[in-house]
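One structure below.
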DNA sequence: ACACGATATGAGAACGATATCATATTTGAA
DNA sequence: TTCAAATATGATATCGTTCTCATATCGTGT
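Protein chains in written order, with this note's numbering: chain A, 1464 to 1791; chain B, 1464 to 1791.
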């Protein structure tokens, strides 16, 4: 089915059918005949031909590090809801946390192909920045802040600070299991928030009790073991993610420590896995799905209004203790 | 940048550039000049124009019920790996478990737009079947079996049967928390497997101890409460998913029961959340990511070879007890 | 020397839509 | 009544590719 066949069936020119489809002037009479023809045939315009002419693909590229992660998939759920409501479709690029893959997709989407990009980022290299600078379609970065770009991110610094403060109410010897500082959001900012809370509380920061792992449960177990070997008397641990916290808790139990009696554990992210270990992990709830929705809305604004200016959106959070909100 | 500009820079016709890009006859000399021009300009062919001409979009539509689910996102990770390796891109449609949304996307993708569909299905209505029958592009169904269609699914029946057998080694009064039979895989087949194991073991099946919930943790808690009210002496429970099992376990603990001392709990799916509750849930490991990869490969075969015949692939499983494999 | 297949090239049509332009016809305000 | 604006329509060009076809050159076996 093409627009030509519809035009013929309805006895009008193809230009009129096009006008019908794009709210131009069409008389009641022809409008009705066209409607009928389309209904009968189930005609759908070829999006490729439309794109070729209009340069609008109605496609949004979503580049992400790992789809099978609770955090990321919640963001994508939010993104998907907003995009589909606004008539956009979602082109998914799963990079498996591989920089080369990220750059590959960033390049692939560069010229044509998509009207805009949502980039769920972890670590920015100079090459990322270079490509992003040259971009012709709007980009919104999700999960990290980057100067000069529209972005939506979590308030990692204050979240880490507040939950650490809370932990220090009864903790005396704090430890820290984090991730690389190259991940500004989850690494650097959380670490700084942790350090700020210690300073404010007048608790000495012992660098040997701050270790770096990755985002996995296994990493939490392993690093907890290291920490406990260094300082058997530590009595509270901040973990950069809930996964890590679950791993750390698992090791402590194994080592015969009671939680939170002997050692307090706090996490970040409020992921489902943290919600059903016993005792329940004290954590920070981030609004991942909402941030996905916000980022998508922001992108749509930029795609549809070329005067739209870049924006930064820092999302709030909630401290969760034993399953309920303590503070915002 | 268009093919015309490249042609001009290289001093050849646009047909020659096209041949260069599609491995036709081009002399060494011109080949070199074209390569240079492309390199200098960073030219990338417009995929829309290509599609318009060739009718190949190199796009695969993936329709799924809920991206923020461990099971589904693992399948998508597998799908994504295979597709991107073979030069396809992934158009994601998240239906939020809404039949109308499923049908909407099934219709949207019908005519043009994608070269093939991967449909991660839960419940088939007659309308689904009607649309699928009329499909012109290849479809592979993931997670369910459907007569006459290519599909990849788990061996839910035997998985449920074997894990139930295991549970009955020490269990005497079994209960069952499942999901609707309209979900053939997770509902009907697991229920039948459970029933078959009871029959084989000569344990009477008490219909009042078989209840139906949904896939959530909350549902597990609630249904466990109901069951315990009906039969306080029940000593083992089969749960159709790990989420449900975690919920059931949480309620039992609350009710002062010890696991597995007083009541054994088994789940299905080996999801991360089941791996870190204490005691660890006995469950069935399904190869979700692998099944996504298999489904994607199957679809590619069907898209690229029109003589390809429909196939069914039933995936194996492993029983996991305390974190290690017991049987296959 | 000839013929034939392989190699090499470009002109022009086609894919299915929208945009531009020219041209009627109908309104409605002065 | 008149004339400009609003409404209505179709012919034709165009988007950036690939495909078909016509044509030319080259190598090689007879």
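Even glycine gets a Cβ: it sits at the ideal position worked out from N, Cα and C. Predicted model only: the values in this text are computed from it and were never measured.
When the distance is taken between beta carbons, is residue 1552 of chain B closer than 9 Å to residue 1518 of chain B? Start at 1 with the first residue of the second chain, and residue 1518 of chain B comes out as number 55. Start at 1 with the first residue of the second chain, and residue 1552 of chain B comes out as number 89. Inclusion of residue 1518 of chain B and residue 1552 of chain B in the CB contact set at 9 Å is not warranted, their separation being larger than that value.
At a Cβ cut of 7 Å, what residues of the region 1725-1741 of chain B count as close to chain A, listed as they run along the chain? Listed by position along the chain: 1735, 1736, 1739, 1740 and 1741.
In three-state DSSP terms, what is residue 1791 of chain A? By one-based count along the first chain, residue 1791 of chain A stands at place 328. Reliability of the predicted coordinates at residue 1791 of chain A is poor, the pLDDT of 49 falling under 50, and the value obtained from them is presented with this limitation in mind. Of the three classes helix, strand and coil, the one that applies to residue 1791 of chain A here is coil, per DSSP.
With 8 Å as the C-beta to C-beta threshold (strictly closer), list the residues of the region 1670-1701 of chain B near chain A in chain order. For the region 1670-1701 of chain B, the set of residues with a beta-carbon nearer than 8 Å to any beta-carbon of chain A comprises 1680, in chain order.
Helix or strand or just coil, what does DSSP make of residue 1718 of chain A? For this step, residue 1718 of chain A is matched to residue 255 along the first chain. When secondary structure is reduced to three states using DSSP, residue 1718 of chain A falls in the coil class, being assigned neither helix nor strand.
Using a Cβ-Cβ cutoff of 7 Å, what residues of the region 1534-1556 of chain B are near chain A? List them in chain order. Listed in sequence order: 1536, 1537, 1539, 1540, 1543, 1552, 1553, 1554 and 1555.
So is residue 1601 of chain A buried or exposed if we call it buried at 16+ other beta carbons inside 10 Å? Position 138 of the first chain, counted from the first residue, corresponds to residue 1601 of chain A. Burial check for residue 1601 of chain A: the Cβ neighbour count within 10 Å reaches 16 or more, so the residue is buried.
Report back the beta-carbon spacing between residue 1664 of chain B and residue 1628 of chain B to the nearest angstrom; my notes put them in contact at under 8 Å. Translated into the one-based positions of the second chain, residue 1664 of chain B becomes position 201. Translated into the one-based positions of the second chain, residue 1628 of chain B becomes position 165. With a Cβ gap of about 7 Å, residue 1664 of chain B and residue 1628 of chain B count as contacting.
Determine whether the beta carbon atoms of residue 1638 of chain B and residue 1701 of chain B lie at a separation below 9 Å. Along the second chain, one-based indexing puts residue 1638 of chain B at 175. Along the second chain, one-based indexing puts residue 1701 of chain B at 238. At a Cβ-Cβ threshold of 9 Å, residue 1638 of chain B and residue 1701 of chain B count as neighbours.
Look at residue 1531 of chain A and residue 1536 of chain B and say whether their C-beta atoms are less than 9 Å apart. Here residue 1531 of chain A is taken as the residue at index 68 of the first chain, counted from 1. Here residue 1536 of chain B is taken as the residue at index 73 of the second chain, counted from 1. The answer is yes: Cβ separation under 9 Å.
Assuming residue 1527 of chain A and residue 1580 of chain A make a contact with CB atoms under 8 Å, what is their CB distance in whole Å? In the first chain, the residue the question calls residue 1527 of chain A occupies position 64. In the first chain, the residue the question calls residue 1580 of chain A occupies position 117. So it is not a contact: roughly 11 Å between Cβ atoms.
Quick check on the DSSP output: the beta strand (DSSP E) that includes residue 1524 of chain A runs from which residue to which? Residue numbering aside, residue 1524 of chain A sits at position 61 when the first chain is read from its first letter. Looking at the DSSP string, the run of the beta strand (DSSP E) that includes residue 1524 of chain A is 1522-1527.
Chain A residues whose Cβ lies nearer than 9 Å to that of residue 1515 of chain B: Position 52 of the second chain, counted from the start, is the residue given in the question as residue 1515 of chain B. What residue 1515 of chain B touches in chain A: 1509, 1511, 1512, 1514 and 1515.
Could you name the residues of chain B that residue 1709 of chain A contacts, counting a contact when the two beta carbons are closer than 7 Å? The residue given as residue 1709 of chain A occupies position 246 in the first chain. In chain order: 1739.
Counting beta carbon pairs with one atom in the region 1772-1780 of chain A and one in the region 1616-1623 of chain A, are three or more of them shorter than 8 Å? Segment contact: the region 1616-1623 of chain A against the region 1772-1780 of chain A, three or more CB-CB distances shorter than 8 Å; contact assigned.
Using a 10 Å radius around the Cβ and a threshold of 16 neighbouring Cβ atoms, would you call residue 1491 of chain B buried or exposed? Locating residue 1491 of chain B in the second chain gives position 28, where the first residue counts as 1. Per the 10 Å Cβ criterion, exposed.
If we ignore side chains and look at the alpha-carbon of each, how far apart do residue 1497 of chain A and residue 1563 of chain B end up? Locating residue 1497 of chain A in the first chain gives position 34, where the first residue counts as 1. Locating residue 1563 of chain B in the second chain gives position 100, where the first residue counts as 1. Rounded to the nearest angstrom, the two C-alpha atoms are 26 Å apart.
Does the distance from the C-beta atom of residue 1523 of chain B to that of residue 1501 of chain B stay below 9 Å? Mapped onto the second chain, residue 1523 of chain B falls at position 60. Mapped onto the second chain, residue 1501 of chain B falls at position 38. Contact check for residue 1523 of chain B against residue 1501 of chain B fails: the beta carbons are separated by 9 Å or more.
Any beta carbon from chain B within less than 9 Å of residue 1759 of chain A's own beta carbon? Taking the first residue of the first chain as position 1, residue 1759 of chain A is located at position 296. Residue 1759 of chain A does not count as touching chain B.
Less than 9 Å between the C-beta atoms of residue 1806 of chain A and residue 1493 of chain A, yes or no? Because residue 1806 of chain A is not part of the residues shown, which for chain A are 1464 to 1791, the question remains open.
Could you name the residues of the same chain whose beta carbon sits closer than 6 Å to that of residue 1733 of chain B, not counting the 5 residues immediately before and after it, in chain order? Numbered from 1 along the second chain, position 270 holds the residue referred to as residue 1733 of chain B. For residue 1733 of chain B, where only same-chain residues beyond five positions count, the Cβ hits under 6 Å are 1746, 1748 and 1783.
Skipping 5 residues on each side, what residues in its chain have a beta carbon closer than 6 Å to that of residue 1730 of chain B? For the purposes of this step, residue 1730 of chain B is identified with residue 267 of the second chain, where counting begins at 1. Excluding sequence positions up to five before and after residue 1730 of chain B, its CB lies within less than 6 Å of the CB of 1702, 1705, 1708, 1737, 1744 and 1746, all in the same chain and listed in chain order.
Would a C-beta distance cut-off of 9 Å place residue 1539 of chain A and residue 1555 of chain A closer than the cut-off? As a position in the first chain, residue 1539 of chain A is number 76, starting the count at 1. As a position in the first chain, residue 1555 of chain A is number 92, starting the count at 1. Yes. Within cutoff.
Regarding residue 1699 of chain B and the ligand PLP, is the C-beta to nearest heavy atom distance less than 8 Å? Summarising the ligand content, the structure contains no ligands, and the ligand PLP is consequently not present.
Roughly how many angstroms lie between the CA atoms of residue 1768 of chain B and residue 1516 of chain B, to the nearest whole one? Position 305 of the second chain holds residue 1768 of chain B. Position 53 of the second chain holds residue 1516 of chain B. If you take the alpha carbons of residue 1768 of chain B and residue 1516 of chain B, they lie about 20 Å apart.
Could you spell out where the beta strand (DSSP E) holding residue 1639 of chain A opens and where it closes? Stepping through the first chain from its first residue, residue 1639 of chain A is reached at position 176. Looking at the DSSP string, the run of the beta strand (DSSP E) that includes residue 1639 of chain A is 1637-1641.
According to DSSP, simplified to helix, strand and coil, what is residue 1727 of chain B? Translated into the one-based positions of the second chain, residue 1727 of chain B becomes position 264. Three-state result, residue 1727 of chain B: strand.
Same chain, Cβ closer than 7 Å to residue 1621 of chain B, five either side skipped, listed in chain order: On the second chain, residue 1621 of chain B is found 158 positions in, with the first residue counted as 1. Scanning its chain for C-beta atoms nearer than 7 Å, with the 5 sequence neighbours on each side dropped, one finds around residue 1621 of chain B the residues 1656, in chain order.
Find out if the Cβ-Cβ distance for the pair residue 1684 of chain A, residue 1647 of chain A is shorter than 9 Å. To locate residue 1684 of chain A, count along the first chain from 1; it is residue 221. To locate residue 1647 of chain A, count along the first chain from 1; it is residue 184. It is not a contact, given that the beta carbons lie outside the stated cut-off.
Is residue 1456 of chain B buried or exposed, if buried means 16 or more other CB atoms sit within 10 Å of its CB? A query on residue 1456 of chain B cannot be resolved here, the shown segment of chain B reaching from 1464 to 1791 and no further.
Starting from the N-terminal side, write out each stretch of the alpha helix (DSSP H) that is 4 residues or longer and does not extend beyond the region 1528-1591 of chain B. Within the region 1528-1591 of chain B, the complete alpha helix (DSSP H) runs of at least 4 residues fall at 1533-1548 and 1562-1571.
Delimiting residues of the alpha helix (DSSP H) encompassing residue 1513 of chain A: Reading the first chain from its first residue, position 50 is the one you call residue 1513 of chain A. Per DSSP, residue 1513 of chain A belongs to the alpha helix (DSSP H) from 1510-1517.
Quick one: list the residues of chain A neighbouring residue 1530 of chain B, beta-carbon separation under 7 Å, in chain order. Position 67 of the second chain, counted from the first residue, corresponds to residue 1530 of chain B. Residues of chain A with a Cβ closer than 7 Å to the Cβ of residue 1530 of chain B are, in chain order, 1536, 1539, 1540 and 1543.
Select from A/1485, A/1486, A/1508 and A/1472 the residue whose C-alpha is nearest the C-alpha of residue 1499 of chain A. What you label residue 1499 of chain A is simply residue 36 of the first chain in a count that begins at 1. The option with the nearest alpha carbon to residue 1499 of chain A is A/1472.
When DSSP builds the beta bridges, which residues end up paired with residue 1748 of chain A? Residue 1748 of chain A sits at position 285 when you count from the first residue of the first chain. Looking at the DSSP assignment, residue 1748 of chain A forms a beta bridge with A/1781.
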